[in-house]
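Throughout the sequence shown, residue numbering follows the numbering used here, covering 59 to 299 in sequence.
Just below is one structure, and these are the notes that go with it.
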Amino acid sequence: MLYKTRGIVFKTTNYSESSVVVQVFTEKFGLQSYLINGIKKPKSKIKLNSLQPLHLLDMVVYHKTSGSIQRVSELRHQPVFLTIPYDIVKSSIILFLNEVLYKSLKEHEADEVLFEFLFHAIEILDSVSAGLANFHLYFLLRLTRFLGFYPDMTLAAEGAYFDLMAGGYTQQQPPHALILEPAYAAVWTSIINSNFDDLENLKFSAAARKFLLEKILVYYRCHVEGFGQIRSHEVLEEVMG
């Protein structure tokens, strides 16, 4: 049976000389793998450049509940990006976020609320020109709400430290090194309390931003099984300076 669904591209893998398997986080079915035959041929109706990381799709797909690899009837890039492919900062953010999402949503069922957050956030990134330096920090902290380890804000106004392992604030320094000390915990809080519209108003140094990104990735490693190391943030940091 054919179904219409929106999708977000996660990863494309060569399958044969002319075919690929693409992993797509879909609105209707969650994370799925689709075999697309002949996509590398000149006359293919589906273009390979539509399957770049985190491209947004309208799809018509065949879906079998018993199948591990599904098939695509129609696919188009919608909405078409206006800036991401041509802006090195935005494209670097996309590659970084794609790596984090791929490692965080390995086996994920349909979640329309999470899908809407991801789809909308990517649309915002394509449209904005300010606040880019903070976009990925806010995105990752907001994403934790959907992954089940959103920071406990109960003691945010009182707690001097943030415990990365426990996922909450505390007035006493925890007996381990996986913490944010008071100055950085305050910046962490300001990011959490922000939104996509006012990221440009978050003012802190490039060194602080780099440090906080490293701690966010530590936070993910504490709470996402098998998360491992992320490499693309090094490229992102170099691009951002």
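Even glycine gets a Cβ: it sits at the ideal position worked out from N, Cα and C.
As a beta-bridge residue in DSSP terms, Lys69 pairs with Gln81. Taking one beta carbon from each stretch, the region 154 to 169 and the region 124 to 144 have fewer than 3 pairs nearer than 8 Å; the two do not touch. Where Met117 is concerned, the enclosing beta strand (DSSP E) starts and stops at Leu114 to Tyr120. Between Glu216 and Gln229, the gap from beta carbon to beta carbon is short of 9 Å.
By the criterion of at least three beta-carbon pairs nearer than 8 Å, the region 252 to 265 is in contact with the region 187 to 207.
In this structure the region 280 to 291 does not touch the region 125 to 136; the number of beta carbon pairs closer than 8 Å is below three. In terms of Cβ geometry, Ser77 and Leu93 form a close pair [threshold 9 Å].
Asp210 has Gly226 as its beta-bridge partners, per DSSP.
The alpha carbon of Leu163 has as its nearest neighbour, out of Gln81, Asp256 and Met59, the alpha carbon of Gln81.
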